[in-house]
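Heads up: the structure comes next, in structure tokens.
There are 2 protein chains.
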Amino acid sequence: MEITTDTHSHHISQQFNNELEDLKTHLLAMGGLVEKQVQDAIYALTEGDSAIAEEVRANDRAINDMQIRIDEECTRILARRQPAASDLRLVMAVTRATSDLERVGDEASKIARHAIKLAEEGEPPRGYIETRHIGNHVRNMIKDALTAFARFDTELALKVAQEDKSVDLEYRSAMRALVTFMMEDPRSISRVLNVIWVLRSLERIGDHANNIAEYVIYLVKGMDVRHSTPESIEERLSES
Amino acid sequence: MEITTDTHSHHISQQFNNELEDLKTHLLAMGGLVEKQVQDAIYALTEGDSAIAEEVRANDRAINDMQIRIDEECTRILARRQPAASDLRLVMAVTRATSDLERVGDEASKIARHAIKLAEEGEPPRGYIETRHIGNHVRNMIKDALTAFARFDTELALKVAQEDKSVDLEYRSAMRALVTFMMEDPRSISRVLNVIWVLRSLERIGDHANNIAEYVIYLVKGMDVRHSTPESIEERLSES
Chain A
1 MEITTDTHSH HISQQFNNEL EDLKTHLLAM GGLVEKQVQD AIYALTEGDS AIAEEVRAND
61 RAINDMQIRI DEECTRILAR RQPAASDLRL VMAVTRATSD LERVGDEASK IARHAIKLAE
121 EGEPPRGYIE TRHIGNHVRN MIKDALTAFA RFDTELALKV AQEDKSVDLE YRSAMRALVT
181 FMMEDPRSIS RVLNVIWVLR SLERIGDHAN NIAEYVIYLV KGMDVRHSTP ESIEERLSES
Chain B
1 MEITTDTHSH HISQQFNNEL EDLKTHLLAM GGLVEKQVQD AIYALTEGDS AIAEEVRAND
61 RAINDMQIRI DEECTRILAR RQPAASDLRL VMAVTRATSD LERVGDEASK IARHAIKLAE
121 EGEPPRGYIE TRHIGNHVRN MIKDALTAFA RFDTELALKV AQEDKSVDLE YRSAMRALVT
181 FMMEDPRSIS RVLNVIWVLR SLERIGDHAN NIAEYVIYLV KGMDVRHSTP ESIEERLSES
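Protein chains in written order, with the UniProt record's numbering: chain A, 1 to 240; chain B, 1 to 240.
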């Protein structure tokens, strides 16, 4: 009798482990697609490639669907498995991260929309070097945040939170340059505004990467570090 | 014995009900504060009242703290009560809504920051009539979304989703007017950009109200209607 019970409980628990692994895999797959969307949107913008931009727009629906499916998985696990402690934190971190990833997807789609407008107007506007630079920066943050999630790596998560500050600085400096440019050449205003919206989207993507990094710390350490500065996160991590 | 068991189970369940009621009350309290922040931020902007704007900035921390506390409540209920069906949906809807409310608080704080900048510059810029109008519109959407949550009212939630479309139209029309104004008077560019950021924040607040309305439908009907048009939401509601 005991053996049967043990086997059964082992079986249940193994299945539960698989479900949690699947959940994580699905989140990371969504993350991979979102990261590619960001990369393609920046490429479409800086190369004036409207075809790629249209693809990014079309893919957004797939990301939305992934969010809904992953959230259904989370709710199903909560209802059937009644996870506790770190299992529960994993489910909560996944449902939060999926929401941020979906919003990153939205921003990539917006960048693609502006890329199409700018490509139609021809004439490559100012701000592309900065845009490409900040774009690569935030794309790496997303990638690192996902790697940190995959590996439960709080060190890497902290690094992402620290990066967000320098993105903000780069963003502000690029914005000032664009505003000056608009003042010098008022005919360029509506064109430059498109680049400004792209910068704004990139800055948001950095924020979302930062959020995902914070969920990793929650997941691993059980500390909710949202709304904390990187310095205080570092301090709390070193004390834990 | 049976009576004891019944009383006990009744007691447990009553306590669980109270916890769910408390959770809802806390979300609505947070919502009330966020709504006031939006109202005060718009007032500070249109009346050039920097003191109110500073208050809005200072209150943002309280909203962040509320989010963390409400999320802790959600996690505690999930771990201890292992809710199922509509109880589980309530907890998930609260945790999602609290995230949107926190972001609305951030947008109110940003509006307040721009209000301070604009007040310093004196000279009331263009776009305030539109800003006040759109501001009141999205504030009502937040209020209605919260009322819909409080009453489990899917009709009102649908109305909020429908409103979001007209906010988008108002936003686009106001943006066009501001861009034209910048072109006509390039010296106003940096001032008008501040108003543009405010409009952008207001449009976002409308999006968050719409999200909260979608959670109400999820909560009451068990249908995840995120990323759906108001038309398809209406259709799905009428079929349910």
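Beta carbons: idealized from backbone N, C-alpha and C, even for Gly.
These numbers were taken from a predicted model, which means no experiment stands behind them.
| query | What span of residues does the alpha helix (DSSP H) with A115/A cover, start to end? | reply | Taking the first sequence and counting its residues from 1, one reaches residue 115/A at position 115. Taken as a continuous stretch (DSSP letters only), the alpha helix (DSSP H) holding A115/A covers A85 to E120.
Taking the straight line between their C-alpha atoms, what separation do you get for S228/B and N211/B?
Here residue 228/B refers to the residue found at position 228 of the second sequence. Here residue 211/B refers to the residue found at position 211 of the second sequence. Whole-angstrom Cα-Cα distance: 11 Å.
What does the Cβ neighbour count give for G206/B, buried or exposed, with the cut at 16 atoms within 10 Å? For this step, residue 206/B is matched to residue 206 along the second sequence. Taking all protein chains in view, the Cβ of G206/B is crowded by 16 or more other Cβ atoms within 10 Å, so the residue is classified as buried.
- [ ] Determine, using beta carbons only, whether T75/A comes closer than 8 Å to chain B.
- [x] Position 75 of the first sequence, counted from the start, is the residue given in the question as residue 75/A. Contact of T75/A with chain B is assigned, a C-beta pair being separated by under 8 Å.
*From the beta carbon of L158/B, is the nearest beta carbon of chain A less than 8 Å away?*
Taking the first residue of the second sequence as position 1, residue 158/B is located at position 158. No, its Cβ sits nowhere closer than 8 Å to a Cβ of chain A.
query: Quick one: is residue 274/B near chain A, going by C-beta distance under 8 Å?
result: Residue 274/B is absent from the structure shown; chain B starts at 1 and stops at 240.
Q. Using the beta-carbon of each residue, which ones in chain E are nearer than 7 Å to V198/A?
A. No chain E is part of this structure, whose protein chains are labelled A and B.
| query | If you follow the alpha helix (DSSP H) that V225/B is part of, which residue opens it and which one closes it? | reply | Indexing the second sequence from 1 puts residue 225/B at position 225. Where V225/B is concerned, there is no enclosing alpha helix (DSSP H), given that its DSSP letter is neither H nor E.
**Prompt:** Are the C-beta atoms of M183/A and some chain B residue less than 8 Å apart?
**Reply:** Residue numbering aside, residue 183/A sits at position 183 when the first sequence is read from its first letter. Interface residue, yes.
Closest to P83/B by C-alpha separation, out of L20/B, V56/B and S166/B, would be which residue? Here residue 83/B is taken as the residue at index 83 of the second sequence, counted from 1. Looking at L20/B, V56/B and S166/B, the one whose alpha-carbon comes closest to that of P83/B is L20/B.
- Task: Grab the span of the alpha helix (DSSP H) containing F149/A for me, first residue to last.
- Result: Here residue 149/A is taken as the residue at index 149 of the first sequence, counted from 1. For F149/A, the enclosing alpha helix (DSSP H) stretches over residues Y128 to R151.
Worksheet item: Going along chain A, which residues have a C-beta under 7 Å from S190/B?
Response: The residue given as residue 190/B occupies position 190 in the second sequence. Annotation: Cβ neighbours of S190/B in chain A (cutoff 7 Å, chain order): V179.
Secondary structure at S173/B, three-state DSSP: helix, strand or coil?
Start at 1 with the first residue of the second sequence, and residue 173/B comes out as number 173. In the structure shown, S173/B falls within a helical segment according to DSSP collapsed to helix, strand and coil.
C-alpha gap between F152/A and V94/B, whole angstroms: The sequence position of residue 152/A within the first sequence is 152, counting from 1. The sequence position of residue 94/B within the second sequence is 94, counting from 1. F152/A and V94/B: Cα-Cα distance of roughly 27 Å.
Quiz prompt | Option in V56/A, Q14/A and H26/A with minimal Cα separation from F149/A | solution = As a first step, residue 149/A is located in the first sequence; it is residue number 149 there, counting from the start. F149/A has its Cα closest to that of H26/A, out of V56/A, Q14/A and H26/A.
ask   = Exposed or buried, what is T180/B when buried is set at 16 or more other beta-carbons lying within 10 Å of its beta-carbon?
value = Counting from one through the second sequence, the residue named residue 180/B turns up at place 180. So T180/B counts as exposed.
How would you list, in chain order, the residues of chain A whose beta-carbon sits under 8 Å from the beta-carbon of R226/B? One-based indexing of the second sequence puts residue 226/B at position 226. For the C-beta of R226/B, the chain A residues within less than 8 Å are, from N- to C-terminus, N64, Q67 and I68.
Identify the continuous alpha helix (DSSP H) that holds Q67/A and give its terminal residues. As a working mapping, residue 67/A is identified with position 67 in the first sequence. Taken as a continuous stretch (DSSP letters only), the alpha helix (DSSP H) holding Q67/A covers S50 to R81.
How long is the line joining the alpha carbons of A213/A and Q37/A, rounded to whole angstroms? Locating residue 213/A in the first sequence gives position 213, where the first residue counts as 1. Locating residue 37/A in the first sequence gives position 37, where the first residue counts as 1. One C-alpha to the other measures close to 19 Å.
- [ ] Starting from M92/B, find everything on chain A with Cβ-Cβ shorter than 9 Å and list it in chain order.
- [x] For the purposes of this step, residue 92/B is taken as residue 92 along the second sequence, with counting starting at 1. Those are D71, C74, T75, L78 and T95, listed as they occur along chain A.
Which residues mark the beginning and the end of the alpha helix (DSSP H) in which S240/B is found?
Numbered from 1 along the second sequence, position 240 holds the residue referred to as residue 240/B. Bounds of any alpha helix (DSSP H) do not take in S240/B, whose DSSP letter is neither H nor E.
Notebook entry, point to check: Would you call the segment 56-66 of chain A and the segment 109-122 of chain A touching, i.e. three or more CB-CB distances under 8 Å?
Noted result: Contact between the segment 56-66 of chain A and the segment 109-122 of chain A is present, because at least three Cβ pairs lie under 8 Å.
Handout entry: Partner residues on chain B for P186/A, Cβ-Cβ distance less than 7 Å
Key = The residue you call residue 186/A lines up with position 186 of the first sequence. Within chain B, the residues near P186/A are M183 and P186.
query: Going by the CB atoms, is the gap between L158/B and E234/B shorter than 8 Å?
result: In the second sequence, residue 234/B corresponds to position 234, counting from 1. In the second sequence, residue 158/B corresponds to position 158, counting from 1. Yes, the pair counts as a contact, with Cβ atoms nearer than the cut-off.
Note to self: My output table needs one value for residue 261/B: the three-state DSSP class, helix, strand or coil.
What the structure shows: Any property of residue 261/B remains undetermined from this structure, which presents chain B solely from 1 to 240.
Measuring CB to CB, does N194/A end up less than 8 Å from H137/A? Translated into the one-based positions of the first sequence, residue 194/A becomes position 194. Translated into the one-based positions of the first sequence, residue 137/A becomes position 137. It is not a contact, given that the beta carbons lie outside the stated cut-off.
Rounded to the nearest angstrom, what separates D144/B and V160/B at their Cα positions? For the purposes of this step, residue 144/B is taken as residue 144 along the second sequence, with counting starting at 1. For the purposes of this step, residue 160/B is taken as residue 160 along the second sequence, with counting starting at 1. It is roughly 7 Å from the alpha-carbon of D144/B to the alpha-carbon of V160/B.
Go ahead and label I129/A buried or exposed: buried means 16 or more other beta carbons lie within 10 angstroms of its beta carbon, across all protein chains shown.
Translated into positions along the first sequence, residue 129/A becomes position 129. Exposed is the call here.
query: On the three-state DSSP scale, how would you describe D164/B?
result: Locating residue 164/B in the second sequence gives position 164, counting from the first residue. The DSSP-derived three-state label of D164/B is helix.
For T7/B, I'd like the list of residues in its chain whose CB is within less than 6 Å of its CB, leaving aside the five on either flank, ordered along the chain.
-> Working through the second sequence from its first residue, we reach residue 7/B at position 7. Note on T7/B: pLDDT 48, under 50, position unreliable in the model; the coordinate value appears next. Excluding sequence positions up to five before and after T7/B, its CB lies less than 6 Å from no other CB in the same chain.
Local Cβ density within 10 Å of R191/A, reported as buried at 16 or more and exposed below that: For the purposes of this step, residue 191/A is taken as residue 191 along the first sequence, with counting starting at 1. Classification of R191/A: buried, given that the 10 Å Cβ count is 16 or more.
- request: Closer than 6 Å by C-beta to K221/A: which residues in its own chain qualify, once you throw out the five before and the five after it? Chain order, please.
  value: Residue mapping note: residue 221/A aligns to position 221 of the first sequence, counting from 1. Excluding sequence neighbours, K221/A sits near S240.
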